[in-house]
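Trainee:
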Amino acid sequence: MSEKKYSNPVSATINGIIALYKSKGEKVTLPENIDLSGKRIMITGSSAGLGLATAIRVAEAGAELIMAVRSGIPDKGELVKSRSGNPNVRMYHVDLSDFDSIDIFLDELEGDGVKLDVFIANAAMVPLESRQTKQGMEEMFMVNYLSTFYLINQLVSREIIDVTQSPRIIIISSESHRDPDRFDWDRFGEYHPYGVKEVIAKYGYYKLLLTTFANEFARCINSGDARTTVRVLCPGPVNSSIAREAPGWIQPLLKGVFSLFFRSPMKAADPVIYFCQEEENDEPIDYLYLLQKKPMAPLTQDPQNGKILWERSEALIKKLGY
Ligand SMILES: NC(=O)c1ccc[n+]([C@@H]2O[C@H](COP(=O)([O-])OP(=O)(O)OC[C@H]3O[C@@H](n4cnc5c(N)ncnc54)[C@H](OP(=O)(O)O)[C@@H]3O)[C@@H](O)[C@H]2O)c1
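Take the sequence shown: its letter number 157 is residue 1509 in our numbering, and every next letter is one higher.
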């Protein structure tokens, strides 16, 4: 049986810190003076943590920024404008746990004639325990995986992402996608309650689904005139508010460990910025952990898994009436 590094909060934190300081893979170099002017970039979950930091950095680099957020309208947008000196920042509301909210958001983008050069799927959550969404999905499954599957497919079919215009899709995954050793197709999309002890293992499993989808999407999208780049990354441990739902008694400990050992969100955004600025002639790199090149877990690269995941996700969404 493979070694599970991210199956509980303690081992996930310790292994995250070890990996951060034990540099292994060949690194890419982030150029200085990055210029993203002329690029329209949308980031989900840009009201906090890595997403907010990425928003500030791409705005600083001159991009036209769209913040797709559940909260922080308008204050987080104003913060990005003042920190970056770039007034070209728009905000849209979207709750990724709710298909109706995603549909309204898509209608608004379409109505405003938005076309994206880069889409960054960043939003994610870690609940204290399982919760059910309005449409009966398990919330972390919906926010961390299914909403991204739905959103990206809708952005493409509505031509908000025009696959003939060399767009780029950047997916924020996690090294924890390597932990699960199998897919649970039998119970795919079913709501099964779980408690605090299972949360981190579920988080890794949903990152496995997300990364498998990224591979399948990259395989399927480019035919005919389509030239879409799909990139996946893990930012490493980020000093963010991702553990905000952890029990109160452990919060001071987590805050201490996060602020002492984890990366600041601004620094953790390095691999996201690398993929935003990547030029067409650069060596294609599918996955970065920090700025290190790494292959994704073999399970995620198997076309058979990608195909099953795609079919199950599509069928589930159809069954829900979307
Ligand atoms: N932190 C780490 O150590 C770490 C390590 C590896 C990978 N990552 C990945 O990095 C990404 C960013 O995480 P982070 O650490 O920056 O976490 P964070 O500070 O908790 O930020 C998460 C963002 O996602 C948004 N979000 C959560 N649920 C949402 C929903 N239902 N609809 C719309 N937006 C929602 C949050 O919005 P609100 O502000 O409205 O809640 C927030 O903007 C995630 O994909 C995470 O899995 C993080």
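Backbone N, C-alpha and C define an ideal beta-carbon position, used for all residues, glycine too.
#1: What residues match up with residue 1445 in a beta bridge as DSSP calls it?
#2: Can you tell me the Cα-Cα spacing of residue 1635 and residue 1627, whole angstroms?
#3: Shortest alpha-carbon distance to residue 1377 belongs to which of 1646, 1659 and 1660?
#4: Can the beta-carbon of residue 1661 be found less than 8 Å from the beta-carbon of residue 1564?
#5: Roughly how many angstroms lie between the CA atoms of residue 1477 and residue 1496, to the nearest whole one?
#6: Shortest alpha-carbon distance to residue 1389 belongs to which of 1523, 1415 and 1582?
#7: In whole angstroms, give me the CA-to-CA distance for residue 1411 and residue 1472.
#8: Who pairs with residue 1520 in a beta bridge, going by DSSP?
#9: Kindly indicate which three-state DSSP category residue 1353 falls into: helix, strand or coil?
#10: Compare the beta carbon distance of residue 1584 and residue 1622 with 8 Å and say whether it is the shorter of the two.
#11: If you follow the alpha helix (DSSP H) that residue 1652 is in, where does it begin and where does it stop?
#12: Answer with buried or exposed for residue 1559, where buried requires no fewer than 16 other C-beta atoms within 10 angstroms of its C-beta.
#13: Grab the span of the beta strand (DSSP E) containing residue 1489 for me, first residue to last.
#14: Please go through the same chain and pick out, in chain order, the residues whose beta-carbon is closer than 6 Å to the beta-carbon of residue 1462, but skip the five residues on each side of it.
#15: In the DSSP assignment, find the unbroken alpha helix (DSSP H) run with residue 1618 in it and report its ends.
#16: Nearest-angstrom Cα distance between residue 1404 and residue 1419?
#17: Specify the secondary structure class of residue 1568 as computed by DSSP and reduced to three states.
#18: Give a single yes or no on whether residue 1614 has its beta carbon closer than 7 Å to a heavy atom of ligand 2.
#19: Report the partner residues of residue 1409 according to the DSSP bridge assignment.
#20: For residue 1664, which three-state DSSP category applies?
#21: For residue 1447 and residue 1595, what's the separation of their Cα atoms in angstroms?
#22: Taking DSSP's pairing of strands, which residues face residue 1393 in a bridge?
#23: Rounded to a whole number of angstroms, what is the C-alpha to C-alpha distance between residue 1443 and residue 1494?
Mentor: Result, derived from the coordinates:
#1: 1421
#2: 11 Å
#3: 1646
#4: yes
#5: Cα atoms of residue 1477 and residue 1496: separation of roughly 7 Å, rounded to the nearest angstrom.
#6: Nearest option by C-alpha distance: 1415.
#7: 14 Å
#8: Bridge partners of residue 1520: 1470 and 1581.
#9: With a pLDDT of 42 at residue 1353, under the threshold of 50, the modelled position of this residue cannot be trusted; read the value that follows with caution. In the displayed model, residue 1353 falls within coil according to three-state DSSP, outside both helix and strand.
#10: The answer is no: Cβ separation not under 8 Å.
#11: 1650-1653
#12: Per the 10 Å Cβ criterion, buried.
#13: Premise fails: residue 1489 is in no beta strand (DSSP E) and is neither H nor E.
#14: 1510
#15: 1617-1620
#16: The alpha-carbon separation between residue 1404 and residue 1419 amounts to approximately 9 Å.
#17: helix
#18: Questions concerning ligand 2 fall outside what the structure shown contains, since the ligands it does hold are ligand 1.
#19: Per DSSP, residue 1409 has no beta-bridge partner at all.
#20: helix
#21: Distance between the alpha carbons of residue 1447 and residue 1595 is about 19 Å.
#22: The partner list for residue 1393 (beta bridge, DSSP) reads 1417 and 1470.
#23: The straight-line gap from Cα to Cα measures roughly 22 Å.
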